[in-house]
Amino acid sequence: MDTTDTTESWDGLSVTEQVLVRRAVDGTSPRGSAAHVGAVLRWAGSPEVPRRRNASPAEEMARVPELAAATHRLVAGGWLTLRRALSTAFVQEDGPAVTGPELARLLAEPETWLLPRRDRNDLPVLSLRATGEGRRRWEARAYAPDAAPTIHQLDLTPDEDRIRVCALEASGWLTGPFGVLADLPAALEGQELRAYVAADLAPLLRFVREGMIEVLHVAEPDAEATVVPLADLLDAFADRELRCDDRDDWGIGFTCVLTQSSANALR
């Protein structure tokens with residue numbers, strides 16, 4: 094296992110290390126880190142991850158050794174610590190740091206990194222915590238003069254802000270009976286329909302083009318969402334069957350989420 098000190102520069106960290114430091118700045122659990130890393134790599138266009146879906150359980154499991162090695166490097170480099178929470182996963186106080194053989198053991202366990210597929214109250218409650226020096230290094234890059242603005246810092250039109258809020262909300266939908274976009278006019282077809290859809294999507298396209306928002310399609314309630322690439326958005330949103338505008342089901346059609354690429358991932 095590579096336990097050499099990591100660089101002191103944020104830009105010198107790998108994507109996996111950056112994700113772990115960002116989670117440590119937030120003081121969150123290491124659980125879910127495998128999925129988080131996979132999502133950031135996908136948003137960054139990495140060829141090593143699927144382009145149109147989230148990682149499978151097996152793919153998340155395969156990332157555990159990488160997460161363990163990265164955490165060892167970050168601990169050695171003074172970026173973060175792994176700590177036991179004092180009571181629950183939501184505790185705000187720092188618990189005792191995990192070190193030595195116990196650290197190596199916990200980092201190697203998949204339960205440390207993967208979200209449980211069912212309720213597991215017997216799992217250890219751990220948190221990633223940035224050190225004072227680690228937070229200082231992160232802040233130096235996150236708030237540098239040349240740092241790209243986050244979506245929340247942009248000067249948005251009312252329509253663009255409506256899309257931003259939709260992406261922020263877990264229950265936000267772009268289409269369907271609960272969507273922020275109006276249903277397609279029944280009389281429109283062909284080029285007139287495509288022109289209408291193109292105008293309707295204009296506030297969304299800016300964010301997708303800049304990698305700040307990702308559009309997802311859900312075909313049936315509780316089905317896995319698939320990513321709709323920028324080049325396919327016009328065709329997809331002009332398809333009445335895909336939009337599901339005339340169905341009463343919540344949770345089908347097109348939705349969107351904030352990505353954690355570029356500035357969104359940094360802060």
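The working numbering puts the first residue of the sequence shown at 94, with every later residue one more than the last.
Glycine included, every Cβ here is placed at the ideal spot set by N, Cα and C.
Note that the structure is predicted; figures quoted are calculated from it, not measured.
Could you tell me if T268 is buried or exposed, where buried requires 16 or more neighbouring beta carbons within 10 angstroms of its beta carbon?
-> buried
Among F347, P278 and A117, which one has its Cα closest to the Cα of V168?
-> A117
Short check: CB of A178 to CB of L221, under 8 angstroms?
-> no
How about the region 246-254 and the region 312-324: do they share at least three Cβ pairs that are nearer than 8 angstroms?
-> no
Where does Q111 land, buried or exposed, given buried means 16+ other C-beta within 10 angstroms?
-> buried
With 16 other Cβ atoms within 10 Å as the buried cut-off, status of V258 = exposed
Under the three-state DSSP convention, the category E262 falls into = coil
Going by DSSP, name the residue or residues bridged to H310.
-> T319 and F347
Starting from the C-beta of A127, find all residues in its chain whose C-beta is less than 8 angstroms away, skip the five residues before and the five after it, and write them out in chain order.
-> A148, E153, M154, R156, V157, L160, W206 and L207.
Among G105, R340 and A223, which has the Cα closest to the Cα of E313?
-> R340
How about R176 and P189: are their beta carbons less than 8 angstroms apart?
-> Contact: yes.
Runs of alpha helix (DSSP H) wholly within the region 147-235 (minimum 4 residues, chain order) | List check, alpha helix (DSSP H) in window: 150-155, 157-169, 193-201, 203-206 and 225-235.
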